[in-house]
Amino acid sequence: MRVSKRVLSYRISEESILLINTLTGALDVVSPDIYHELSKLDTSGHLTIDDFTRERLKRRGYIFDSIENEAQWIQRIKDAHTKTAKRLTFVVCPTYKCNLRCTYCFEGDLTNDSRNSMGIEDVEMIFSAIDKLSDEYKERRRTIELFGGEPLLPANKKIIGLLFKEAQKRSIPVSIVTNGVFVTDYADILERYNDIVGSVQVTIDGPRDIHDLRRKSGSGKGSFDKIRTAIDRLLELRIKVHARTNVDVQNIGHLHELLSFFTAKGWVDSPQFVCNLAPVEDHGCTRAYEFYMPQNLLVAKFYEEFKEHPEMAKVFQLNLFRTLRHINSVLSKSRPVLPLLHYCEANNFEHVVFGPDGYVYACTESMGDRKKAVGEFRPQLKLYEDAVKMWGGRNVFRMKKCRECDIALLCGGGCAYSALVVNGDINEPVCNNARETIFAYLDYIQAELVDKASA
Ligand SMILES: C[S@@+](CC[C@H](N)C(=O)[O-])C[C@H]1O[C@@H](n2cnc3c(N)ncnc32)[C@H](O)[C@@H]1O
Ligand code: SF4
Ligand code: SF4
């Protein structure tokens, strides 16, 4: 008999410990005595507990008769994943160029290179690739995402118009990730193709003085005023606005002021407006950016503020904190949630990124580095089989370190790009404080957990 490696424990009070079975999705509260028995099972080889509890622990997947028995559970989960509906997001970057020089941008010097733009002829090649992939992955839900550099530069207008036209012919929704500065120049296109505009994401990093320190042009001119006008215009057009606030040491203390601004503008009353907080990432682990703040500290600070100002929790969403998404679903949904095998869409070949350099990438962070490309689309689509397998086949059971990890099925194995650049091997994960981040969340909901325990 053995204890499952997939059990996370959290002490909710002196008398009770919450067990989160990340394999089966079961949640159970046990006494410290039972917990102690379980902890020593692997060394002692036997359990000194009554038959009823033993059977229950077995049924709920905390203990297994044999390794094979646990392997059967895992196989069932892999099979269920194979059957779940997947997406196919075509990320199109008309250019790597950008009008801004945001202080933390992961694209760095790539946005300076003036050769990095698509020509009008690329649109045909991209759609021929999209058609081919759509045929191959017929069952997948398709979307197009315009990305960059800055996709809505005035010089890109002809290409963007054509992309919308082709997307409309195929009924593929288009969403846009933009810095917002030139949104109003694109209002005519957004109006004409309103039926297929999914959402527009605009990054707004705080109240005006803070935002303008971070999201500014090469000459230091801030972008806040343009963005405010852009969001007003998008809401007028009834387009979904996903505001995004990238948070770190520099702006974390200003979220309350940002909320007051959203409220004064009336944006929070619009059903079309949501705001997602996101960590400023440093996937290369260079720590060169002076305001970097680890995710667990960000999360702990948000929750501290949410407790003090509950209205913040209603507006600021944490969906972009990948490590929290799954634990949140496990604890809040009444029906079982499938364990997480992959960290992000890049590991399921759900993202196909078309760069202006003619290469195809699995992940937007690897754009511009052709050694990390998974194919090319000029003159026609050619995927590199080994690279597609390497990115698309990455899952927690492939990685030795994750196979041994109790939070693997909540974490998904961390960022693949980070593993590649930091460890030189996509299957050597970088944990990025995943455990501490999950525990910061559990601390926040501790009161609810105590209620669950006493129910
Ligand atoms: C690289 S930008 C390209 C699209 C467009 N220029 C924009 O700013 O939205 C894409 C997204 O990455 C985000 N971003 C850039 N650098 C980041 C970083 N170091 N950590 C987290 N998000 C980052 C931006 O806020 C934006 O949402
Ligand atoms: S606007 Fe986007 S691409 Fe440009 S520097 Fe800022 S984050 Fe990077
Ligand atoms: S990346 Fe680290 S924390 Fe995440 S599953 Fe793998 S070993 Fe665990």
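The sequence shown begins at -5 in our numbering and counts up one residue at a time.
Even glycine gets a Cβ: it sits at the ideal position worked out from N, Cα and C.
This structure is a prediction, so every number in the text was calculated from the model and none was measured.
As assigned by DSSP and simplified to three states, the class of residue i
i    : result
K259 : helix
I221 : helix
S3   : strand
C409 : coil
T18  : coil
Q374 : coil
A123 : helix
A79  : coil
R135 : strand
E57  : One point to set straight first is that residue 57 is Ile, not Glu, in the sequence displayed. If DSSP states are grouped into helix, strand and coil, I57 belongs with the strands.
S264 : coil
A272 : strand
H345 : strand
N150 : helix
R397 : helix
H277 : coil
T97  : coil
L140 : strand
Straight-line gap, residue i to residue j (C-alpha atoms, nearest Å)
i    : j    : result
T105 : D263 : 35 Å
I166 : L146 : 19 Å
L228 : V235 : 7 Å
D203 : Y286 : 19 Å
Y355 : V368 : 5 Å
H205 : S254 : 15 Å
V168 : L249 : 30 Å
F310 : C269 : 5 Å
I114 : D351 : 14 Å
I170 : I6   : 43 Å
E251 : P201 : 6 Å
I11  : Y4   : 6 Å
E49  : E31  : 14 Å
V23  : D182 : 57 Å
I153 : S326 : 43 Å
C-beta contact flag for residue i and residue j at 8 Å
i    : j    : result
E359 : F176 : no
I221 : V196 : yes
I321 : Y180 : no
L17  : P423 : no
L466 : L271 : Because the chain here runs from -5 to 449, residue 466 falls outside it and cannot be looked at.
L414 : K366 : yes
S217 : L82  : no
L13  : V1   : yes
G386 : Y337 : no
C87  : G155 : no
N426 : C409 : yes
M306 : F300 : yes
A456 : I190 : The requested residue 456 does not occur in the structure, where the chain is confined to residues -5 to 449.
C96  : R209 : yes
V382 : L127 : no
L404 : I439 : no
Cβ-based burial, residue i [other Cβ within 10 Å; buried from 16]
i    : result
N389 : buried
K91  : buried
F348 : buried
S111 : buried
F46  : exposed
D129 : exposed
P304 : exposed
E9   : exposed
D242 : buried
G174 : buried
Q244 : buried
G19  : buried
*Decide if the stretch 111 to 121 is in contact with the stretch 56 to 63; the criterion is three or more beta carbon pairs, one per stretch, under 8 Å apart.*
Judged by Cβ distances under 8 Å, the stretch 111 to 121 makes no contact with the stretch 56 to 63, as fewer than three pairs qualify.
*Given 8 Å as the limit, is there contact between the stretch 273 to 290 and the stretch 86 to 102, that is, 3 or more CB pairs closer than that?*
Enough Cβ pairs lie closer than 8 Å, so yes.
*Tell me, please, whether the stretch 66 to 78 touches the stretch 120 to 138 by the rule of three or more beta-carbon pairs shorter than 8 Å.*
Flag = no, the stretch 66 to 78 and the stretch 120 to 138 do not touch.
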